[in-house]
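Residues in the sequence shown are numbered consecutively from 1, following full-length UniProt numbering.
Ideal Cβ positions, reconstructed from N, Cα and C, are used throughout, including at glycine.
This structure is a prediction, so every number in the text was calculated from the model and none was measured.
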Amino acid sequence: MPFPIRRLFLLAVLLGLAGRAGAQRFDWVSSGQELLLSWEYGALGQEGHIIVGGHHAPRRDVRYGQELYDGQGQPITKRFSDESELVVCLDPAGALAWKLELPSRFFKLCGVAASPRGDAYVLLSAMPDLAAPYSEYALGGLGSFVADLRQRQRLQAGYYLATVDAAGKPKALTPCQLNADAHLDVSEMMLHPSGRLLLCGSLMERNAKISPLLGAATGEAGGDFILLLGLDGKPVWADVVAYLGQSCCSHAGEKSRMAVDENGVAYLGGTYLYGARFGGSVTKRPPPEPTATKNPMPEEAYLAAYSPTGKLQWVTTAVGKGRIQCVAANKNQVAIGFAAREASSVFGLRLEAAAQANLICFFNKQGKAQQAIAPNASIEDMAFGPGNTLYALGLNKQFNPQNLNAKRWFFAQDSLERRQNITIAAFGPKGELKKLQTAYAPVESSNEPFRLILDGASGFYLYGQLFSALPIDRTIYDRTFKPQKLYGGAPFIARKPQQ
């Protein structure tokens with residue numbers, strides 16, 4: 001087929017895919033009104049339930065709203081009055097199954113995970129205020145975890161693992177043998193194939209240990225960490241990606257991401273300045289910066305693999321500026337969502353657009369980059385599904401006809417300039433586009449998590465933040481909320497079927 005004809009043929013195929021994708025409804029949406037509630041963590045529970053947790057700060061400038069509703073339009077909470085840590089579990093129909101609400105004065109939510117048996121695991125950090133005698137209010141919903149509440153007078157500051165069964169009934173509150181003085185900024189928490197909990201995040205204190213039982217510690221500049229934690233609260237293994245230097249605003253707004261495959265191999269992705277030390281011995285440094293560069297800060301992204309026992313297997317670096325936004329893995333390959341900037345090549349792959357690009361990079365299990373796909377969208381999250389299919393969650397503000405080629409997908413332009421188009425694209429093992437689904441909603445993505453969870457059946461769960469300054473497409477919500485109510489400036493949880 002001659003080149004011009006082949007190009008027109010590919011264009012027609014992509015146009016056909018986008019046409020079939022079209023604007024589609026969610027099954028249901030759980031949201032609220034004028035809420036400063038950020039969903040930070042999520043997990044798939046038993047029988048397709050979705051468990052999501054986050055932090056809420058009440059708005060003192062708003063006299064109305066601030067209610068949170070489930071996917072059936074029923075209230076999850078009454079009007080918020082204090083800062084709180086909130087975990088909710090919704091069934092596949094969007095109805096509230098259970099919730100856990102704790103006062104932020106005494107607790108900080110650090111992670112949420114779930115097991116196939118139906119148990120949910122909630123990692124909490126108890127604040128030093130609890131060193132004083134506490135009341136039922138101080139414990140909030142956690143009081144039911146403590147059988148001898150009236151006899152106990154103190155709950156020590158530190159980390160605790162709360163276990164909740166499928167019905168929302170508390171089962172256990174287990175102290176974790178982690179360093180109470182280490183401020184672990186957990187970015188992700190998930191169930192490991194061994195039945196334990198895998199965590200990653202940042203530890204910015206100097207010369208800080210994750211646990212007195214482990215040797216993993218930061219250096220003089222903090223670092224990223226990965227940790228395997230037993231359900232008994234004891235750490236199994238950990239590693240700290242110790243930074244060799246930092247600036248006054250190192251890693252502001254950037255968090256490490258991870259994934260684990262079926263064999264228990266964990267993959268950690270992040271960014272360092274000036275260099276980092278992996279596994280206590282492997283040192284990586286970014287390439288020297290030209291003096292003419294607009295941003296002369298030495299910066300580099302990395303992807304590291306750890307065996308099921310915590311041994312560092314390999315580390316690969318971008319050798320070019322950018323940020324890893326998400327990581328996905330299965331038994332065959334690893335993929336990352338990568339936002340490249342000021343780079344003509346990353347991970348040894350040459351970029352067609354040298355200045356800036358959103359990429360999906362595929363790696364083999366030995367850490368060698370195989371190929372990169374360049375969609376015209378930010379890649380917010382990814383997950384591998386059945387048949388070695390990679391599902392990528394993207395956001396796009398603009399329609400760019402020049403981005404139409406065999407390795408790109410595009411989104412239909414929305415009528416509101418600042419509104420985001422949500423798209424879920426499915427890719428085959430070789431990076432070929434298999435399916436495209438689009439839904440329109442005003443999603444805020446600047447500093448808020450926007451995540452994708454496969455429901456294990458025939459759909460997706462999404463959770464993120466609605467943009468507060470725009471009207472919302474009522475067709476998305478007409479099956480969910482009561483009439484005459486405006487919703488926005490709030491978190492949302494939604495379920496979307498595959499089509």
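For residue i, the three-state DSSP class (helix, strand or coil)
{"i": "glutamine 46", "result": "helix"}
{"i": "asparagine 396", "result": "strand"}
{"i": "asparagine 358", "result": "strand"}
{"i": "glycine 387", "result": "helix"}
{"i": "methionine 382", "result": "strand"}
{"i": "isoleucine 210", "result": "coil"}
{"i": "aspartate 165", "result": "coil"}
{"i": "cysteine 176", "result": "coil"}
{"i": "tyrosine 274", "result": "coil"}
{"i": "glutamine 246", "result": "coil"}
{"i": "glycine 322", "result": "strand"}
{"i": "glutamate 85", "result": "strand"}
{"i": "phenylalanine 107", "result": "strand"}
{"i": "leucine 231", "result": "coil"}
{"i": "serine 345", "result": "strand"}
{"i": "leucine 36", "result": "coil"}
{"i": "residue 506", "result": "Nothing about residue 506 can be reported from this structure: the residues present for the chain run from 1 to 499 only."}
{"i": "histidine 251", "result": "Its pLDDT being 49, under 50, histidine 251 is placed unreliably in this model, and the coordinates cannot settle the point."}
{"i": "valine 265", "result": "coil"}
{"i": "glutamate 67", "result": "coil"}
8 Å Cβ cutoff met for residue i and residue j
{"i": "glutamine 313", "j": "tyrosine 302", "result": "no"}
{"i": "alanine 328", "j": "leucine 268", "result": "no"}
{"i": "asparagine 376", "j": "proline 429", "result": "no"}
{"i": "proline 212", "j": "asparagine 263", "result": "no"}
{"i": "lysine 43", "j": "alanine 95", "result": "Sequence check: residue 43 is alanine here, not lysine. Contact flag unset, no."}
{"i": "alanine 208", "j": "tyrosine 160", "result": "no"}
{"i": "glutamate 85", "j": "lysine 108", "result": "yes"}
{"i": "glutamine 437", "j": "glutamate 380", "result": "no"}
{"i": "tyrosine 41", "j": "valine 112", "result": "yes"}
{"i": "alanine 335", "j": "methionine 382", "result": "yes"}
{"i": "leucine 173", "j": "arginine 196", "result": "no"}
{"i": "proline 491", "j": "glycine 54", "result": "yes"}
{"i": "alanine 162", "j": "valine 122", "result": "yes"}
{"i": "glycine 71", "j": "alanine 93", "result": "yes"}
{"i": "glycine 394", "j": "threonine 423", "result": "yes"}
{"i": "leucine 244", "j": "leucine 199", "result": "no"}
Start-to-end residues for the beta strand (DSSP E) that takes in residue i
{"i": "methionine 189", "result": "185-191"}
{"i": "glycine 300", "result": "Looking at the sequence shown, residue 300 is not glycine but glutamate. Taken as a continuous stretch (DSSP letters only), the beta strand (DSSP E) holding glutamate 300 covers 299-306."}
{"i": "proline 235", "result": "235-243"}
{"i": "tyrosine 463", "result": "459-465"}
{"i": "glutamine 370", "result": "369-373"}
{"i": "glycine 310", "result": "No beta strand (DSSP E) contains glycine 310, which DSSP labels as neither H nor E."}
{"i": "residue 545", "result": "Because the chain is modelled from 1 through 499, residue 545 falls outside the range shown and cannot be assessed."}
{"i": "proline 491", "result": "491-497"}
{"i": "arginine 285", "result": "Element bounds for arginine 285: n/a, residue is neither H nor E."}
{"i": "methionine 204", "result": "Segment: none, methionine 204 is in no beta strand (DSSP E) and carries neither H nor E."}
{"i": "alanine 221", "result": "From DSSP, alanine 221 is part of no beta strand (DSSP E); its letter is neither H nor E."}
{"i": "serine 125", "result": "120-126"}
{"i": "proline 449", "result": "Element bounds for proline 449: n/a, residue is neither H nor E."}
Sequence-distant residues of the same chain with beta carbon closer than 7 Å to residue i, five excluded per side
{"i": "aspartate 165", "result": "Gly118, Asp119, Lys171"}
{"i": "tyrosine 69", "result": "Ser30, Ser31, Gly32, Pro75, Ile76, Phe481"}
{"i": "alanine 242", "result": "Thr218, Gly219, Gly223, Ala276, Arg277"}
{"i": "proline 298", "result": "Leu273, Tyr274, Pro286, Glu289"}
{"i": "arginine 408", "result": "Confidence at arginine 408 is low in this model, with a pLDDT of 34, below 50, so the placement of that residue is unreliable and no value is reported for it."}
{"i": "alanine 147", "result": "Model confidence at alanine 147 stands at a pLDDT of 43, short of 50, so the residue's coordinates are unreliable; what they give is reported in the following sentence. Excluding residues within five positions, none has a Cβ falling inside 7 Å."}
{"i": "glycine 348", "result": "Ala369"}
Exposure of residue i, with buried meaning 16 or more beta-carbon neighbours within 10 Å
{"i": "threonine 283", "result": "exposed"}
{"i": "aspartate 261", "result": "buried"}
{"i": "residue 501", "result": "A query on residue 501 cannot be resolved here, the shown segment of the chain reaching from 1 to 499 and no further."}
{"i": "glycine 280", "result": "exposed"}
{"i": "lysine 321", "result": "buried"}
{"i": "glutamate 47", "result": "exposed"}
{"i": "glutamine 465", "result": "buried"}
{"i": "glycine 158", "result": "buried"}
{"i": "glycine 215", "result": "exposed"}
{"i": "glutamate 188", "result": "buried"}
{"i": "lysine 496", "result": "buried"}
{"i": "alanine 340", "result": "buried"}
Own chain partners of residue i with C-beta closer than 8 Å, once the 5 adjacent residues on each side are dropped
{"i": "leucine 203", "result": "Ala182, His183, Leu184, Asp185, Ile210, Thr218, Gly222, Gly223, Asp224, Phe225, Val240"}
{"i": "lysine 311", "result": "Gly279"}
{"i": "glutamate 83", "result": "His55, His56, Ala57, Pro58, Pro103, Ser104, Arg105"}
{"i": "aspartate 455", "result": "Leu44, Gly48, Ile50, Pro92, Tyr461, Arg495"}
{"i": "valine 265", "result": "Ala305, Tyr306, Ser307, Pro308, Gln313, Ala329, Lys365"}
Close-in-space but distant-in-sequence residues of the same chain around residue i (CB under 6 Å, 5 per side omitted)
{"i": "glutamine 371", "result": "Phe362, Gly431"}
{"i": "alanine 494", "result": "Phe26, Val29, Leu462"}
{"i": "arginine 206", "result": "Glu220"}
Test: residue i CB closer than 8 Å to a CB of chain B
{"i": "methionine 127", "result": "Included in the structure is just one protein chain, with no chain B present."}
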